[in-house]
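Heads up, the sequence shown is in the working numbering, so the first residue is 606 and it goes up one at a time.
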Amino acid sequence: MQVQKKHKVVLFTTPTCSWCRRVKNYLREQRVPFKDIDVSRDTRAAKDMVRMTGQMGVPVVLIDNRPIVGFDKAKIDRLLGLRG
C-alpha cells in the first residue's frame, strides 16, 4: 500500500505511550512521512492538541488538519487514501 497523494501528517505523542509507537510503526510501514511532536516536552503543542480535540489523550493523528484521536487504522487509511 502506498499513499495516493501527498498529505500533511502530524502526530501528537508521548515517549511512554504504546499506542503512539504502534501508530508511528504503522505509518512507517505504509511509507507515510509524518512530523512527530512530543506533547510531554512541548506545552504549546499540548495546548493546541487539547484545543483541537477537547482532550489530553495520545496519540492524536492530524491528517490534513483533521484530527483522529487514538490509533484508528480504518480512519487513517481512509483519510490517506490507502487501500488494503
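From the three backbone atoms N, C-alpha and C, an ideal C-beta is built for every residue, glycine too. Bear in mind the structure is a predicted one, so any value in this text is a computation, not a measurement.
By DSSP's criteria, residue i is part of a beta bridge. Which residues make up the other side?
i	result
LYS640	VAL615
PRO672	LEU667
Does residue i pass the burial test, meaning 16 or more other C-beta atoms within 10 Å, or should it be called exposed?
i	result
PRO664	buried
Spatial neighbours of residue i within its chain, please: CB distance less than 6 angstroms, with the 5 preceding and 5 following residues excluded, ordered by chain position.
i	result
VAL625	The displayed chain sequence assigns Cys, not Val, to residue 625. For CYS625, where only same-chain residues beyond five positions count, the Cβ hits under 6 angstroms are THR618, VAL663 and PRO664.
ALA645	Reading off the sequence shown, one finds Ser at residue 645, where the question assumed Ala. Hits under 6 angstroms: THR619.
ALA650	ILE642 and VAL644
Please list, in chain order, all residues of the same chain as residue i whose beta carbon is under 7 angstroms from its beta carbon, the five residues on each side excluded.
i	result
ASP643	THR618, THR619 and PRO620
PHE639	VAL614, VAL615, LEU616 and LEU632
LYS611	none
Counting only the same chain and skipping the five closest in sequence on each side, list residues whose C-beta sits under 8 angstroms from that of residue i.
i	result
VAL637	VAL608, HIS612, VAL614 and LEU685
- [ ] Evaluate contact between the region 627-634 and the region 649-658, counting only Cβ atoms and requiring at least three cross-stretch pairs below 8 angstroms.
- [x] With the cut-off at 8 angstroms, the region 627-634 and the region 649-658 do not touch.
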